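Position 164, counted from 1, in the sequence shown is what my numbering calls 1183; the numbers after and before it change by one each time, with no gaps.
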Amino acid sequence: MPALILVAILLATLIIQAIRPQSRLLVVCLGAALTGLASTLLGVASTAALFSGIPWGVLIMLVGLGLLAEMLAESKIFARIAVALSQYSGNRPAVLLAAAAAVMFAVSSLVNNLTALVLVLPPLLVLLRLMEVDRRYVHWMIGILLVACNLGGAATPIGDFPAILLLGTGVIGFGDYLVNALPAAGLGMFALLGVTLLLVRPDRSLADDPLRRQLGVEVLTAMHRGLVIEWRILVPAVAMLLTMLAAWVTLPYFSGITADLICWLGVLGALLSRAHLGERLLRTRIDIEAALFLLSLFVMVEAVGRTGLFDRIAGLLVALPLPPEGQLVVFLVVSGILTGLFSAGPSMAALLQVAPVLAATLPPTAVYVGLALAVCAGSSLFLTAATSGPLTQAMVERAGLRDRDGTPIRFGFAEFLPIGLLSFGIILAIAIAASLMMITIARQLPG
1020 MPALILVAIL
1030 LATLIIQAIR
1040 PQSRLLVVCL
1050 GAALTGLAST
1060 LLGVASTAAL
1070 FSGIPWGVLI
1080 MLVGLGLLAE
1090 MLAESKIFAR
1100 IAVALSQYSG
1110 NRPAVLLAAA
1120 AAVMFAVSSL
1130 VNNLTALVLV
1140 LPPLLVLLRL
1150 MEVDRRYVHW
1160 MIGILLVACN
1170 LGGAATPIGD
1180 FPAILLLGTG
1190 VIGFGDYLVN
1200 ALPAAGLGMF
1210 ALLGVTLLLV
1220 RPDRSLADDP
1230 LRRQLGVEVL
1240 TAMHRGLVIE
1250 WRILVPAVAM
1260 LLTMLAAWVT
1270 LPYFSGITAD
1280 LICWLGVLGA
1290 LLSRAHLGER
1300 LLRTRIDIEA
1310 ALFLLSLFVM
1320 VEAVGRTGLF
1330 DRIAGLLVAL
1340 PLPPEGQLVV
1350 FLVVSGILTG
1360 LFSAGPSMAA
1370 LLQVAPVLAA
1380 TLPPTAVYVG
1390 LALAVCAGSS
1400 LFLTAATSGP
1410 LTQAMVERAG
1420 LRDRDGTPIR
1430 FGFAEFLPIG
1440 LLSFGIILAI
1450 AIAASLMMIT
1460 IARQLPG
């Protein structure tokens, strides 16, 4: 009975926050409070016990990396990259789509998806407004950028929440994750772009107007003519990021110098290099919404976990009449579907309670990297599943884009669905193939 009640609260919270995204933070915080009350009254665990099981290091990393991203944004480097992107592509639709996706992939591998979107998308929306584009091209351009955001976030351990959760909890090392996830995510990006540009061809109905393309480049360049990169901000931020990367790769987890401690010290070192800016960022730019959202999710998942439900689910998984590799494939497919329904944050927090059972019989890297990629596939399935989906929709609406006949261009659930289905299939297939390949390689290694 306690498990049933706590699961009901969790599912109701996830469904309501998906239906009413404008109130998602309030809904999730309320769900966590009700979970704490129910857990205490049912004798599952006190609120203090629930808080003791929260991976606080993950929240520290989330906040710290967000502050470092804000510092990089203050250097104006991303605006300069956007101008260079326009100049390089010459506003040729196919080239612009591929180049923009590559830039989004790279940026989101270093900062969280929301930050990457805020930094990269606005200049591109200006370009699209200056170009003579139709709704089909806009839908595929924005959709591919959203998926590139997800893939970039899964490519490195510091890109977005699921990967940060793996690094912060210590279940996988920085180097192990990077060397296995980055090639797989890069392959996913390459395959998606290949299918889109060669088969879907969203630019096929667009007329090539060199004069209009050149005008768009010149207008965007003129808008940023006075832009100067703040090297005094950029250099220390990049230097500390590189130092953090080196520490994550070289310092073993059992040394006690954990990933969150490295992040904490590194980010504060970067902020101290520009003390006035650092103080302002600490006071005004901490992502309280993301921290509270994930804290509330952790409370609910911890309460459900203390009922033994996740252990029973794991037991059912390993009891399937399949070899361990088959059980992993089932786990990855279910992970992708659940993420599509409930989004990456809640799904990853819950699935990570089940994954250790598979990691006990299979190479842990194959399990955890496969899980991160499967969650990436699920978060690319529906617009509502992507962390940055609602923000993308709002930014496109505010941009005032119009079709060639003058009708407004919208970007919502239905418009993203074809891109989402294609992306889900490609990324999930690569997640499964990459995991099975890692298992094969691990078994061929001596010892």
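We put the CB at the ideal spot given by N, CA and C, even for glycine.
Bear in mind that the values here come from a model prediction, so they are computed numbers and not experimental data.
Range of the contiguous alpha helix (DSSP H) that encloses residue i
i: residue 1471; result: Here the chain has residues from 1020 to 1466 only, and residue 1471 is not among them.
i: residue 1035; result: 1021-1038
i: residue 1279; result: 1278-1292
i: residue 1363; result: 1363-1370
i: residue 1401; result: Unbroken run through residue 1401: none, as it is neither H nor E.
i: residue 1059; result: 1043-1060
i: residue 1132; result: 1132-1149
i: residue 1245; result: That residue, residue 1245, is in no alpha helix (DSSP H); it is neither H nor E in DSSP.
i: residue 1111; result: Here residue 1111 belongs to no alpha helix (DSSP H), and DSSP marks it neither H nor E.
Neighbourhood of residue i by C-beta, 8 Å cutoff - its chain only, sequence neighbours within 5 removed
i: residue 1394; result: 1173, 1181, 1354, 1355, 1358, 1363, 1366, 1367 and 1370
i: residue 1062; result: 1021
i: residue 1380; result: 1337 and 1343
i: residue 1281; result: 1263, 1266, 1267 and 1270
Proximal residues to residue i (C-beta, below 7 Å), its chain only, five neighbours per side dropped
i: residue 1337; result: 1346 and 1376
i: residue 1407; result: 1132, 1133, 1136, 1165 and 1168
i: residue 1195; result: 1384
i: residue 1044; result: 1308, 1311 and 1312
i: residue 1332; result: 1373
i: residue 1324; result: 1372
DSSP beta-bridge partners of residue i
i: residue 1421; result: 1427
Close beta carbons around residue i, own chain, < 6 Å, minus the five adjacent residues each side
i: residue 1434; result: 1158
i: residue 1465; result: none
i: residue 1389; result: 1351, 1450 and 1454
i: residue 1125; result: none
i: residue 1292; result: 1255
i: residue 1035; result: 1046
Neighbour-count burial assignment, residue i, 16 or more Cβ in a 10 Å radius
i: residue 1112; result: buried
i: residue 1267; result: buried
i: residue 1302; result: exposed
i: residue 1463; result: exposed
i: residue 1456; result: exposed
i: residue 1460; result: exposed
i: residue 1202; result: exposed
i: residue 1251; result: exposed
i: residue 1071; result: exposed
i: residue 1245; result: exposed
i: residue 1412; result: buried
Would the region 1239-1254 count as touching the region 1068-1086 if we require 3 or more Cβ pairs under 8 Å?
no
Is it a yes or a no for the region 1423-1437 touching the region 1377-1396, going by three-plus beta-carbon pairs under 8 Å?
no
At a cut of 8 Å, does the region 1314-1321 reach the region 1049-1069 through at least three beta carbon pairs?
Here the region 1314-1321 lies against the region 1049-1069, with 3 or more beta-carbon pairs under 8 Å apart.
Is the region 1137-1155 touching the region 1183-1192 in the sense that three or more CB pairs, one from each, lie closer than 8 Å?
Verdict: no, contact absent.
At least three beta-carbon pairs within less than 8 Å, the region 1082-1093 to the region 1286-1301:
yes
For the pair the region 1270-1281 and the region 1323-1330, tell me if three or more CB-CB distances fall below 8 Å.
Contact between the region 1270-1281 and the region 1323-1330 is absent, because fewer than three Cβ pairs lie under 8 Å.
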